[in-house]
Amino acid sequence: MASKGDALKQCPIFADLSSEEQQKVAGSAKEKTFQEGSTLFTENMAGQSLFVIRSGSVKISKMLGEGDERTLALLGPGECFGEMAIVDGGPRTTSAVVVKKAEVLTLEKKDFLALCDGNPKLGYKLMGNLARLIVKRLRGAQDKLHAALERALKRGPQGVTGGSLDVPIS
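Numbering (this note's numbering), first residue to last: 173 to 342.
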């Protein structure tokens, strides 16, 4: 199992921190163990923390209409998730379930913000890294949406070939 520092180094939010800065973050992170099948959070649950996996694996999924579950990612050691809770504290947009017994680090929003307030240079790095990670994930989601819309347009409505596809945005 990776040490706290090693796990943090693998997560893009903490990857470029100095050893001293990583120690500060590691000091604020809490270690938790979850058994296979444990639910870390569900869609629409209030979010106040991000997670970094030290060992094991976690499935990130989203419920679609009619109760269908779509797996979005299977994450392993060094990967992080739940970062949107640090930004807005809003409801979770996905669910996270342990697939293989997992040791994780959790960092609460209040502790993340205290780190930023207590050391502006560290805060600047953390916020910049967090923004880059969110932008990367947003671009990935946009690419997937674009590809799905192209497939739908090529396939067309049942029984109709060609034409256009209206997609309401709001």
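Don't be surprised by glycine CBs; every beta carbon is placed ideally from N, CA and C. Note that this is a predicted model, so its numbers are computed, not measured.
What is the residue span of the beta strand (DSSP E) that residue i lies within?
i    : result
R226 : S221 to M235
R242 : E241 to L247
L325 : Unbroken run through L325 is the alpha helix (DSSP H), P292 to R327; no beta strand (DSSP E).
Report, in whole angstroms, the separation of the C-beta atoms of residue i and residue j, which I expect to be a contact under 8 Å.
i    : j    : result
G228 : V270 : 6 Å
A198 : K176 : 4 Å
V276 : K204 : 5 Å
Have a look at the DSSP bridge pairing and note the partners of residue i.
i    : result
K202 : T278
K272 : S229
A174 : Per DSSP, none; premise fails for A174.
F253 : F223
P263 : A218
Would residue i and residue j be called neighbours here (beta carbons separated by less than 8 Å)?
i    : j    : result
V230 : L247 : yes
A257 : K281 : yes
I306 : T266 : no
V259 : L302 : yes
G250 : G219 : no
V224 : C183 : yes
S200 : L279 : yes
K272 : E208 : yes
R264 : E215 : yes
Within the continuous alpha helix (DSSP H) that includes residue i, where are the two ends?
i    : result
L212 : Note, L212: premise wrong, no alpha helix (DSSP H); beta strand (DSSP E) at T211 to F213.
I258 : M256 to D260
Using the three-state DSSP reduction, which class does residue i fall into: helix, strand or coil?
i    : result
A218 : strand
S190 : coil
Q207 : coil
C288 : helix
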